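Written below as structure tokens is the structure these notes are about.
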Amino acid sequence: MTVVEEFCQDISKYYPDKNDFYGWYVAFCVVNGILSIFAIFGNTVIICALTKTTCFLSPSKILLLGLAISDLSVGIVVQPLYITVLVEALSGDAVSPDSQCKSRIAFLVVGSFLAGASFFHCLSYQL
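Sequence positions in the sequence shown follow our numbering and run -13 to 113.
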């Protein structure tokens, strides 16, 4: 067994059976789809507003711009990846286990990186 297969078996235990949580999975897909659209739209407006100002960018505006960019990346990449993971879990046997494994790993890696970037931008803005 390879390391990737072993890792996939380890993370699979954190995804409950689809029969127990079918309604929740569907609700999470809908809510994440809606929030993804709001995240994309809202952060795009913030980025445009911050870059269209006539004065130079102050350090606080640069931090807000970085936060908006990292949050925009979450809305464009992470939330759709999460929806993909849930839809693959709902489809069950229709999707290959290899595909499910790759999408879960992509979600964990990219999600952790971008969520960490957003968190540290918030932390640096507070300091």
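Backbone N, C-alpha and C fix where the C-beta goes; we use that ideal spot for every residue, glycine too. Because the structure is a prediction, the values reported are computed rather than measured.
> How far does the alpha helix (DSSP H) with residue 38 in it reach, from first residue to last?
Replying inline: That residue, residue 38, is in no alpha helix (DSSP H); it is neither H nor E in DSSP.
> What residue from 49, 54 and 100 has the CA that sits closest to residue 63's CA?
Replying inline: 100
>> Let me check understanding here. Comparing Cα to Cα, which of 41, -4, 32 and 15 lies closest to residue 51?
In response: 32
> Looking at C-beta atoms only, is the number of pairs between the segment 14 to 24 and the segment 61 to 78 that lie closer than 8 Å three or more?
Replying inline: yes
>> Measuring only the C-alpha atoms, how far is residue 60 from residue 89?
In response: 16 Å
>> Output needed for residue 108: all residues of its chain with C-beta closer than 8 Å, excluding positions within five of it in sequence on either side, in chain order.
In response: 53
> Among the residues of its own chain, which have a CB less than 8 Å from the CB of residue 81, if the five just before and after it don't count?
Replying inline: 74
>> If I follow the unbroken alpha helix (DSSP H) through residue 62, where does it start and stop?
In response: Where residue 62 is concerned, there is no enclosing alpha helix (DSSP H), given that its DSSP letter is neither H nor E.
>> Going by DSSP in three states, residue 56 sits in which element: helix, strand or coil?
In response: helix
>> One question on the structure: do residue 23 and residue 58 come within less than 8 Å of each other, judged by their Cβ atoms?
In response: no
> Are the beta-carbon atoms belonging to residue 49 and residue 110 less than 8 Å from one another?
Replying inline: yes
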